[in-house]
Structure formats: C-alpha cells, structure tokens
Amino acid sequence: MEYQIEELLPVVSRLTDKYTSKESTSVTYETARVIMEAVIYCIEENTGGKDNGIRTEQDLPAAQVMYDRGYEIVIGKVYEAKAIYDKITADFEDYGCLNYRVTILEGMPAFFLRYDPKFKPQDHLLTLDYPVINRTPDLCGVNLILTYLKGIEAEQKFLDCFEREAVIRLLESIVPDYQELYLDNICEVVLERCILCAVAESPVKQLELQTDDYEIVSEYFRDKSREKIEVQIIRLISMITQPLQIDPEYFTRAAADYAFRIHSVLEGQKES
Amino acid sequence: MEKDMFQLLLQEKRKNELAALVSINGKTRRFGLELTEQDAKELAACRDKSLQKYQRVEFSEGILERLIYVFCDSQYLNQSEYTDTLVRLQDIFYEFKNEAQDMLTDDELLTFMREQFDGVCFGDLDYLEGTCLERFAEAVRAGYRGYQATGGQSEYAQFDDVPRWDRNLYMQTLKELFWE
C-alpha cells in the first residue's frame, strides 16, 4: 500500500502537533524522521507490511484513516503481547540460565513500561539478548516483541515436556558453567538432542546419547544431501512434537540449521 | 524520501505566507514598522536557509508571524533595520531551540529573548545571542527547569554574572558628576 509523501505530510503534521503539544512550531529533522516512521509503521499495520494489490488508487482510504486504524492495531498487539507475557511468567522456568532469566524477567517489563505506540511504535527498545528459534530481523516495534513472546511461549511449552534435571544435564554437558556462560537458545539444543535420540531409538525424554548412538545417527544421515537431511529432520520434528500436542511448524524452522550442522560434521568426518 | 519531505514542506509554506506576512503590517504600522513584498520574500528565503542550517522543519504555520508580534513594540526596532533584525532574530530563535535541545517551548524562548533584548542587551543582538541565550541554554541543558513556572520571564538575573549599576549608586554618581 503506497501513499505519496504529499498524502502522508498532513498525518505527520497532526502527529507532530500532538508530539509538541502545539507548543513548538518546528522540530528537528531527526524528530520529523522518527514521526514519519511512526506514521508509516501504523499505516503498514493495515496490510501486515505487504501490498496485497487488491485496492486501486480510487479505493485507497485516506492516509489519516489508515493511520488511525493502524494505531488501534498496534495498541491491540501491545495488549496481546502483555497477555502472552503474563502467561509465560506465571510459571517461568529458566533452568538456571542467567541470560534467559534476565531477558525475560528483567528486560521485558521495560518494554511494557516504556514502549511508545503513538510517537515511536517502531522502536522495540530491547536488545532481546536471549535468542529464539524463529529469528525475525526484519521486524521491529511491537511486531518483533509479539513474535518473540509467541516464540518463547511455544518453546516453554516444549521444554515443559522434559524433566528439569534432564535439560540442566544437557546444558552442563555443552558448557559446564552454563548458568552464566550459555547465551544460545535452550530449546534448540534440547530439540536437536531429541532428534538424535529419536534416530538412535534412545528414550527421547532422557535427552541422553551413548557413544554407540552417535554411530547410529551418523549411519542414518550418511551420504545424504543437506536438503534430504533437512526433509528428514522436519519429519522427525513432527513425530516428536505431535504426541505432545505441540504445533510442529514453529520448530521446523530450526531444521535448516540442524541439517547444515549435521551435514558439515559428516563431510568433515569423510575428509578425515 | 526524507529530502523530498523537507523540500515539499518548504514549497507548501511559500505558497500562502507572503500574503500573510504583508498582512501583519496592519498590526505593526502603528509602531512605524512595515514589510514590503520584497522584504517578506527575503524573510521567507532567510527562514528557509535558517531551517536548513539548523536542520529543523516547520510543518504548519511557522514562527515568523509570532516573532514579529512579540518584538514589534520594542523600542530597539526601527524601520531602517526592521528586516535585518527580524532575519537575525529568526536565526537566533532556531539556533537556540536546538541549543536548548527542544526543552523550551516557542513562547518560553520568545519571552526570554524579548525581555533580554529590551533589558540587559539594549537591542544588541550579538549580546543576546552570545551571552544571554548561551548562558540560559547551558543552564537548560544542565537540567534547569525553573522557566517552566515563569514562562521564560525574569530568568536571566540568576545566570548574569556581570556587575551592573545599583540604582542608588547610579544616582549618587550622577549627582557627583553634574552637581558637585
């Protein structure tokens, strides 16, 4: 959905008046740019940022109407994100991981306190140091936070299927001082271990592999292309998550990374 | 898009403002001050340059009309320097909106400028810009917010470190010079 700059200027002008409370007739270039971005962000909320090409120029509502609607959508998303956050934190398990705990329990409340949906909806304020499986670098503002929290919620639901001690043992095997040093996603390594356990026909819930199991896994994926490995991993993720009544779609996004790692290891073994 | 936006804003403003500026003469004529159409064009062009220099943008009506209303009854404004003074005041205004980091409203800054222009500056724009406003803006940047209660009035005395004439001392000195 494209509006000409002449159509956006009156909307930006009205918003700038609100920003200055009509107490200033001029603003800096930087302020004007930020307010223009705020207007565009809200207008794009009406189509999810994509031009679906359905409307003709004659059908296009006034930019102000689209901005107002988009602003209401942004507000709705903030409430939605807060509801998800409250659900996550009601029974939050951080497995002793400092980065995870600080990002969710200490960092995230700052978003709800300081987010400015009117003048800076595009600014999500947080660095989100704990990564989720579904990384979305193209998103910003409340869209990024909402997607992030939905990811955390899905990952928590998956991790809750395992014994706390099993997850901690796995993390300790990767980094002995994982509490302070582990900065990656916990669910990714748990899911990866699940996949390998499934292939080796080892109890998935234990998250443990014996030395022989690695040989079985190598044999399973040997001589297969990366794309083939990825297809197999997607099938395995579905097999693992469906009995837990978890939607596999979120977790299959990790399949490409797993396939790359497994393929690289096997190629490395071949060469040596 | 950013550059287009600022250019478009300047074009939009030019359309109606020349007539508006000249129409202000109705209010300022009684103080002996009038703008010709040429003067108005020069003011508008200098305004555009100042805005670009200080990287600021005006979306709707600008500050020029308000600036003229605030200063038109100053004893230090005369017809021969009217346009040049307005150009300079306008430039100083935008400069110190930036220097005060947009902490001052238009009214607070204009009130302070007018009061000092007529007061300690005696119409000297260099003193207004280089001393009074510099000190005031520095205080605002350092966290001073007293002007919010006063609206910019009677603010300078606390930042003024120039020893000035005490009235009694002044009268005594006059007496000594001319009567004794």
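In order, the protein sequences belong to chains A and B.
Everything in the first sequence is counted per this note's numbering, starting at 8 for the first residue and increasing by one.
Everything in the second sequence is counted per this note's numbering, starting at 34 for the first residue and increasing by one.
Think of the CB as a built atom: it goes at the ideal place given N, C-alpha and C, for glycine as much as any other residue.
Within-8 Å CB hit, residue i to chain B
i, result
"S180 (chain A)", "no"
"S20 (chain A)", "yes"
"M73 (chain A)", "no"
"M115 (chain A)", "no"
"A280 (chain A)", "Since the first residue of chain A shown is 8 and the last is 279, residue 280 (chain A) is not available in this structure."
"I12 (chain A)", "yes"
"E9 (chain A)", "no"
"E44 (chain A)", "no"
"V34 (chain A)", "yes"
"E30 (chain A)", "yes"
"A263 (chain A)", "no"
"L16 (chain A)", "yes"
"T259 (chain A)", "no"
"A39 (chain A)", "yes"
"T23 (chain A)", "yes"
Below-8 Å beta-carbon distance, residue i vs any chain A residue
i, result
"G95 (chain B)", "yes"
"L42 (chain B)", "yes"
"R138 (chain B)", "According to the sequence provided, residue 138 (chain B) is Thr. The question's Arg does not apply to it. Taking Cβ atoms only, chain A reaches closer than 8 Å to T138 (chain B), which makes this a yes."
"D37 (chain B)", "yes"
"K130 (chain B)", "yes"
"F92 (chain B)", "yes"
"R80 (chain B)", "no"
"Q112 (chain B)", "no"
"Y177 (chain B)", "no"
"Y109 (chain B)", "no"
"Q88 (chain B)", "yes"
"Y160 (chain B)", "no"
"Y189 (chain B)", "no"
"Y127 (chain B)", "yes"
Per DSSP, cross-strand counterpart(s) of residue i
i, result
"S33 (chain A)", "B:E91"
For residue j and residue i, the rounded distance between their alpha carbons
i, j, result
"Q112 (chain B)", "L146 (chain A)", "58 Å"
"D101 (chain A)", "R108 (chain A)", "6 Å"
"L203 (chain A)", "I244 (chain A)", "11 Å"
"A262 (chain A)", "D81 (chain B)", "57 Å"
"R40 (chain A)", "G77 (chain A)", "18 Å"
"D130 (chain A)", "F150 (chain B)", "42 Å"
"D58 (chain A)", "R63 (chain B)", "For D58 (chain A), the predicted structure reports a pLDDT of 49, less than 50, and the residue's modelled location is therefore unreliable. The matter cannot be settled from this model."
"L42 (chain B)", "Q108 (chain B)", "35 Å"
"E208 (chain A)", "F258 (chain A)", "20 Å"
"E199 (chain A)", "Y265 (chain A)", "7 Å"
"T229 (chain B)", "R197 (chain B)", "Shown here, chain B extends from 34 to 213; a query on residue 229 (chain B) therefore has no answer."
"L66 (chain B)", "A52 (chain B)", "16 Å"
"D124 (chain B)", "E51 (chain A)", "38 Å"
"L142 (chain B)", "G185 (chain B)", "6 Å"
"I57 (chain B)", "L68 (chain B)", "8 Å"
"L156 (chain A)", "V46 (chain A)", "25 Å"
"E113 (chain A)", "P250 (chain A)", "34 Å"
"I253 (chain A)", "V238 (chain A)", "19 Å"
"E94 (chain B)", "L100 (chain B)", "12 Å"
"E87 (chain A)", "S232 (chain A)", "41 Å"
"A205 (chain A)", "C194 (chain A)", "16 Å"
"G110 (chain B)", "V103 (chain B)", "The residue asked about is misnamed: residue 110 (chain B) is Leu in this sequence, not Gly. When rounded, the distance between both Cα atoms is 11 Å."
Short CB-CB distance (under 8 Å) between residue i and chain D
i, result
"D135 (chain B)", "Absence of chain D from the displayed structure is noted, the protein chains being A and B."
- request: For the segment 68–86 of chain A and the segment 157–173 of chain A, state whether three or more C-beta atom pairs, one from each stretch, are separated by less than 8 Å.
  value: no
Beta strand (DSSP E) runs contained entirely in the segment 123–152 of chain B, provided each spans 3 or more residues: none
message: For a minimum of 4 consecutive residues, which ranges assigned as the alpha helix (DSSP H) are wholly contained in the segment 70–145 of chain A?
response: 70–97, 105–108, 115–121
- request: May I ask you to verify whether the segment 27–35 of chain A touches the segment 84–99 of chain B, counting CB pairs closer than 8 Å and requiring at least 3?
  value: yes
Cβ pair count under 8 Å reaching 3, the segment 239–256 of chain A against the segment 181–189 of chain A: no
query: If you scan the segment 163–195 of chain A from start to end, which runs of the alpha helix (DSSP H) of 4 or more residues do you find wholly inside it?
result: 171–181, 185–188
message: Pairs of beta-carbons, one from the segment 217–226 of chain A and one from the segment 124–139 of chain A, closer than 8 Å: are there three or more?
response: no
Length at least 4, wholly inside the segment 173–210 of chain B: the alpha helix (DSSP H) runs in chain order: 180–183
field: Segment contact flag, the segment 131–148 of chain B with the segment 181–192 of chain B, C-beta cutoff 8 Å, min 3 pairs
entry: yes
task: Decide if the segment 161–181 of chain B is in contact with the segment 101–118 of chain B; the criterion is three or more beta carbon pairs, one per stretch, under 8 Å apart.
output: no
- request: Could you tell me which uninterrupted alpha helix (DSSP H) segments, each at least 4 residues in length, are contained entirely in the segment 35–69 of chain B, listed from first to last along the chain?
  value: 35–56, 58–61
query: Hey, is the segment 168–180 of chain A in contact with the segment 68–76 of chain A, meaning 3+ C-beta pairs nearer than 8 Å?
result: no
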